[in-house]
Each structure stands twice: as structure tokens, then as C-alpha cells.
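Protein sequences, first through last, are from chains L and P. Under our numbering, the letters of the first sequence match residues 15 to 127, in that order. Under our numbering, the letters of the second sequence match residues 23 to 139, in that order. By construction, the Cβ of each residue, glycine as well, lies at the ideal position given by its N, Cα and C atoms. Reviewing the structure listed below.
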Amino acid sequence: AQSVTQPDIHITVSEGASLELRCNYSYGATPYLFWYVQSPGQGLQLLLKYFSGDTLVQGIKGFEAEFKRSQSSFNLRKPSVHWSDAAEYFCAVAPNRDDKIIFGKGTRLHILP
Amino acid sequence: NAGVMQNPRHLVRRRGQEARLRCSPMKGHSHVYWYRQLPEEGLKFMVYLQKENIIDESGMPKERFSAEFPKEGPSILRIQQVVRGDSAAYFCASSPPRGTSGKDTQYFGPGTRLTVL
Chain L
15 AQSVTQPDIH ITVSEGASLE LRCNYSYGAT PYLFWYVQSP GQGLQLLLKY FSGDTLVQGI
75 KGFEAEFKRS QSSFNLRKPS VHWSDAAEYF CAVAPNRDDK IIFGKGTRLH ILP
Chain P
23 NAGVMQNPRH LVRRRGQEAR LRCSPMKGHS HVYWYRQLPE EGLKFMVYLQ KENIIDESGM
83 PKERFSAEFP KEGPSILRIQ QVVRGDSAAY FCASSPPRGT SGKDTQYFGP GTRLTVL
């Protein structure tokens, strides 16, 4: 069965510092991969997605993610975080294009001033 | 183009009552997905519907839960005889039909937060 692991429940970084959120997936073939962000009490916003092609994907708000097949990883990065980036981040996988999405448990990002 | 709309945003029910959650997909979207988010958890898939058809209900609890997406009107997630464990945030997502731009992406609504007393 497909699964997504986000090993860090909480991460704290200082404003202006770089960020990397880890994500590993379990799936036999190359899945469709996503990162979503959820602010408190809000719905989910898609940051970026990977379906095929270039393994480095650019998203909104200055985020990027890199698909590494050998490591079954899809880590999210941002070179310099802003206080407004404080939120919960979900990595997700879907086996097909219009299939259900399987989410990780999320990583809550805290930003120090 | 308005986004996915869900109402109510907050719903309070007593044990044993019924909860009805509504989801209006984005204009032109014919696929609807329901997910549940328990406290401190990620979202869990419940059901996938197209107009008048349930495509995948593998995530739906076997009892008390049902979903529909009629030809006209919003999609409804119905929970009968609610229990405390049903307290959660319920999110709806929609995507456009096959062969259209953006069909690979699910767009999420703001969610309905259900509290069972």
C-alpha cells in the first residue's frame, strides 16, 4: 500500500534561514507527488506538484522540491523563510492522476523572529 | 472563478443527531473528493464521486456515513447518529474532467469543522 512519511513533526527555524522539510514515500512505481500548506483553521493550498520530467520542481511562494527516485524522497526547500511561512506542511502522493491523495501526517513549521 | 465552497464552516451536533456537510465544487469541475482530518493527523481519504456516481468509497466508514453528488446541486456528506469520534475537520476537493486543463490537481475547500458534544 502507498504511504507517505514525514519524519519531523515540528521544525523551528529563524526568519531568513533556509528550510528543508523531509518526505519519503512508499510506492512501486513513480507516483504523483504534492506538497500542500495549511494555515491554522484554513484549508489546503497546493504549493507544487511533480508528475514527470525535471526532478526539481518550482512552486509558489518561493518553494521548490526535488524528486529523488533512488531515495524515494520528495523534500521541500526554501532558501529564506518568512514569518508568514509558519504553517503546517503536508507531503502527499497519488497513484494516478485523478485518484485519491494519500497524505503524510504533516510537519508544523515555526518561525523565530 | 470562485473556489471550492463548503458549508457550514462550523457545525455543532449532539450525539445521535445527523450532520450534513455540503460542498460546491469549482465551476466546471465534475470530480469531488471528501477527506477527514482528525486532530494532529493528516487528511484521510473518504470518498471520490463524479456526478451521480460513487467512484471510490474505500475510505468511508461502513456505517452511518454516506455521500452523494447529484446531477444538480452540491455534494453532500451525511453522517447519521454522530458520535464524539466523528469530531474532525472535513475537507472537500474538486478537480476538472479528464482531458481538461488542470485535471491533475485537486483544489481544496476551507473545510467544515464538526464538533460532537
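Inset, instruction - Give me the Cα-Cα distance between residue 29 of chain P and residue 60 of chain L, rounded to the nearest whole angstrom. - result: 21 Å
Inset, instruction - Would you give the residue range spanned by the beta strand (DSSP E) that residue 105 of chain L belongs to? - result: 101 to 108
Inset, instruction - Pull up the CB-CB distance for residue 63 of chain P and residue 119 of chain L, whole angstroms please, since I reckon it's below 8 Å. - result: 6 Å
Legend entry - residue 63 of chain L (DSSP reduced to helix, strand or coil): strand
Legend entry - Supposed close pair residue 72 of chain P, residue 91 of chain P - CB separation, criterion 8 Å: 7 Å
Inset, instruction - Return yes when the Cβ of residue 73 of chain L is within less than 8 Å of the Cβ of residue 62 of chain L, no when it is not. - result: yes
Inset, instruction - Just confirm the distance between the C-beta atoms of residue 116 of chain P and residue 26 of chain P, as a whole number of angstroms; I'd bet it's less than 8 Å. - result: 5 Å
Inset, instruction - Count the other CB atoms, across all protein chains shown, that sit within 10 Å of the CB of residue 34 of chain P; report buried if there are 16 or more and exposed otherwise. - result: exposed
Legend entry - For residue 1 of chain L, three-class secondary structure by DSSP: This structure gives no information on residue 1 of chain L, because the portion of chain L shown stretches from 15 to 127.
Legend entry - Interface flag, residue 58 of chain L vs chain P, CB-CB below 8 Å: yes
Legend entry - Where the stretch 48 to 70 of chain P meets chain L: residues whose CB sits under 7 Å from a CB there: 53, 55, 63, 64, 65, 67 and 70
Inset, instruction - State the beta-bridge partners of residue 114 of chain P as determined by DSSP. - result: P:56
Inset, instruction - Starting from the C-beta of residue 96 of chain P, find all residues in its chain whose C-beta is less than 7 Å away, skip the five residues before and the five after it, and write them out in chain order. - result: 44, 45 and 46
Inset, instruction - Check residue 74 of chain L in the structure and name its three-state DSSP category. - result: helix
Inset, instruction - Please name the residues in the stretch 79 to 94 of chain L whose beta-carbon is closer than 7 Å to at least one beta-carbon of chain P, in chain order. - result: none
Inset, instruction - State yes or no: is the beta carbon of residue 75 of chain L nearer than 8 Å to at least one beta carbon in chain P? - result: no
Legend entry - Distance between residue 94 of chain L and residue 33 of chain L (C-alpha atoms, nearest Å): 7 Å
Legend entry - Selection of the stretch 111 to 124 of chain L by Cβ proximity to chain P, strictly under 9 Å: 111, 112, 113, 114, 115, 116, 117, 118, 119 and 120
Legend entry - residue 98 of chain L (DSSP reduced to helix, strand or coil): helix
Inset, instruction - Check the Cβ-Cβ distances between residue 132 of chain P and every residue of chain L, and say whether any is below 8 Å. - result: yes
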